[in-house]
Each structure stands twice: as structure tokens, then as C-alpha cells.
Amino acid sequence: MTSTLSPTSRTTVGRGRNRAVDDRTALHLLLEDALIAHLGVTVGDHPLVLPVAFGVDPDGPDRDGTLYVHGSVAAGWVQAAAGATVCVSVTELDGLVAGRSTFHHSMNYRSAVVIGPGRLVTDPDERDRALALIVDHMIPGRSGTLRPSTRKELAATAVLAVPLHEASMKARAGGPGDEPEDVAAGVWGGHIPVRRVASAPVPDEHAGGAVPGDVLHRVTSLA
11 MTSTLSPTSR TTVGRGRNRA VDDRTALHLL LEDALIAHLG VTVGDHPLVL PVAFGVDPDG
71 PDRDGTLYVH GSVAAGWVQA AAGATVCVSV TELDGLVAGR STFHHSMNYR SAVVIGPGRL
131 VTDPDERDRA LALIVDHMIP GRSGTLRPST RKELAATAVL AVPLHEASMK ARAGGPGDEP
191 EDVAAGVWGG HIPVRRVASA PVPDEHAGGA VPGDVLHRVT SLA
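Using my numbering, you'd call the opening residue of the sequence shown number 11 and step up by one each time.
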């Protein structure tokens, strides 16, 4: 049975409880839409937050599913994250909210925070699957069209897994929550919807033939 979100005090929403989302299915949908995550980890004596490509396996080996990121085996953040508590955040901007006062300007968004132990993936089959998930998250179906990774490539690539169990999500939609007197003053209020779109694929100088179907489909899905 799918569990609810915010199973611990670290991921229980305090402020803005009216925007909290407790449905784990909503988290999965957000992770399907988002293309970039930010991973926070303490490296030495300072915190570090990095943008990362990611992939998700809702039925992965970790509790409530697994989120995967990858990096160089020589990267300091990868070594710091292995076995440590990390934080992964994902945000999709859906609109800009124009209020009738400074206080009531806002943004429409969907955001999630995942906290958990970073696990360095060492099993070859899991690592291959994780790398395919990361590629297919960017361009669905792409991994099936590519050659297998070489030993040299795999030796240089680390995959980090984070359980999806300990997570929270918030969302906002609609217009501003203005004060009645500000509405009565006649100032315009509302919101500007924002969405991500893709332009036509640009082949490099070595591309031959037509643009493949997986790439074209990705462009269409973002139109």
C-alpha cells in the first residue's frame, strides 16, 4: 500500500499547512514533470547544494521507492554523500502571482523535499538500471537506443540512491490572497501562468539522417 508523505518530524510541514500535499502519488507526478533536482550535503566544514539530473524508480529497492543521481567517482560531494544524510529538493514553477500589495505577491509552484541516507550503488544491475532511468527521465526511451556503457565509463561514474520514504511536498495555485480593501482600491491582481517548452531539436555537425522518434516525442511532450 502506498504510504503518505511526511512520515517524520524532519519532513512535516510547519508553516503553510494549507499548501501541504500528503499524497505520495502527487510526489511521483511532480518527479515525473521535473527535470532538475538540487542535492544538499555537508562537504567537510560547509554545506553544498548542487543541481543534478535524476531518475526515479517508485518500486526501487529502498523504502517507498528510490531516487537516483549520478556524478563522477572523483567528486567530493559524491564521497561525502555516501552514507550521510542528504536533502534532495525539486521545484516546478507554475506561475507568477501579482498581488495588490508587496506582501501578497507570490508564485504558483509544486515543490518537494526528500531527506534520507545517501547510498552508493555498487550492484552492477542496479547501477545499469539507475543510469538508464536518469537518461530516460530526460528523454523517455532514449537509453534503449544507445550502446552499452564501457568499463571505463562505468568506472568513472558513481550512482547515489536516496530513499523516497521521508519526504514532504507543498503546492500553490491560483491568484493572490489580497485584502478586501486592496481589491476595492481597483489595482489589478491575478497570475501569469508559466510553463516549460522545448524548441526544435538542433543536430550537431556529426548527426546524420532524420531526428529520431524519442527526441521528437520529447519535444512534443514539452510543447
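The beta-carbon is built from N, C-alpha and C at its ideal position, and this holds for glycine as well.
Close-in-space but distant-in-sequence residues of the same chain around Ile125 (CB under 7 Å, 5 per side omitted): For Ile125, where only same-chain residues beyond five positions count, the Cβ hits under 7 Å are Arg20, Thr21, Thr95, Cys97, Glu176.
Counting only runs that start and end within the region 122-209, where is the beta strand (DSSP E) found for 3 or more residues in a row? Within the region 122-209, the runs of beta strand (DSSP E) that reach at least 3 residues and sit entirely inside it are, in chain order, 167-173, 177-182, 200-203.
Cα-Cα separation between Val59 and Gly24, rounded to whole angstroms: Rounded to the nearest angstrom, the two C-alpha atoms are 23 Å apart.
Work out the CA separation of Glu191 and Val4 for me, nearest whole Å. For the chain, the structure presents residues 11 to 233; residue 4 sits outside this window and is missing.
Suppose the cutoff is 7 Å on Cβ atoms and the five residues either side in sequence are ignored; what does the same chain contact list for Asp133 look like? Answer for Asp133: no residue qualifies.
I'd like to check one pair, Thr14 with Asp43: are the Cβ atoms closer than 7 Å? Going by C-beta atoms, Asp43 is not nearer than 7 Å to Thr14.
Along the chain, which unbroken stretches of the beta strand (DSSP E) at least 3 residues long are found entirely within the region 49-124? Uninterrupted beta strand (DSSP E) stretches at least 3 residues long and entirely within the region 49-124 occur at 56-62, 64-67, 76-82, 95-108, given in chain order.
State buried or exposed for Met148, treating a residue as buried only when at least 16 other CB atoms are found within 10 Å of its CB. Under this definition Met148 is an exposed residue.
Report buried or exposed for Asp74, applying the criterion of at least 16 other Cβ atoms within 10 angstroms of its Cβ. By the 10 Å Cβ count, Asp74 comes out buried.
Thinking C-beta only, is Gly200 closer than 7 Å to His114? No, the Cβ-Cβ distance between His114 and Gly200 is not below 7 Å.
Residues bridged to Val31 [DSSP beta-bridge criterion]: DSSP, once it has assigned bridges, lists Met179 as partnering Val31.
Let me confirm a value: Gly154 is counted as buried when at least 16 other C-beta atoms fall within 10 Å, else exposed. Which label applies? Looking at its Cβ environment, which holds fewer than 16 other Cβ atoms inside 10 Å, Gly154 is exposed.
If you run the structure through DSSP and keep just helix, strand and coil, what is Ala233? Coil, per DSSP.
Helix, strand or coil for Ala47 per DSSP? Ala47 falls in the strand class under three-state DSSP.
For Thr112, the nearest candidate out of His227, Glu215, Val197, Ser231 (CA to CA): Closest option to Thr112, judged by alpha-carbon separation, among His227, Glu215, Val197, Ser231: Val197.
Under 8 Å Cβ to Cβ from Gly81, same chain only, skipping five residues before and after it: list those, please. Taken in chain order, the residues that qualify are Val62, Trp87, Val88, Thr167, Ala168, Leu170.
Any idea what DSSP makes of Arg20, helix, strand or coil? In this structure, Arg20 counts as helix in the three-state DSSP scheme.
Considering only residues of the same chain and omitting the five flanking positions on each side of Arg152, which have a CB-CB separation below 7 Å? Correct list, in chain order: Val145, Asp146, Asp224.
So, under 8 Å CB-CB, Val79 and Ser99 are touching, yes? Tell me the CB distance rounded to an integer number of Å. Their Cβ separation, rounded to whole angstroms, is 12 Å, which puts Val79 and Ser99 out of contact at 8 Å.
Rounded straight-line distance, which links the Cα of Ser231 to that of Asp214: Each residue's alpha carbon lies about 22 Å from the other.
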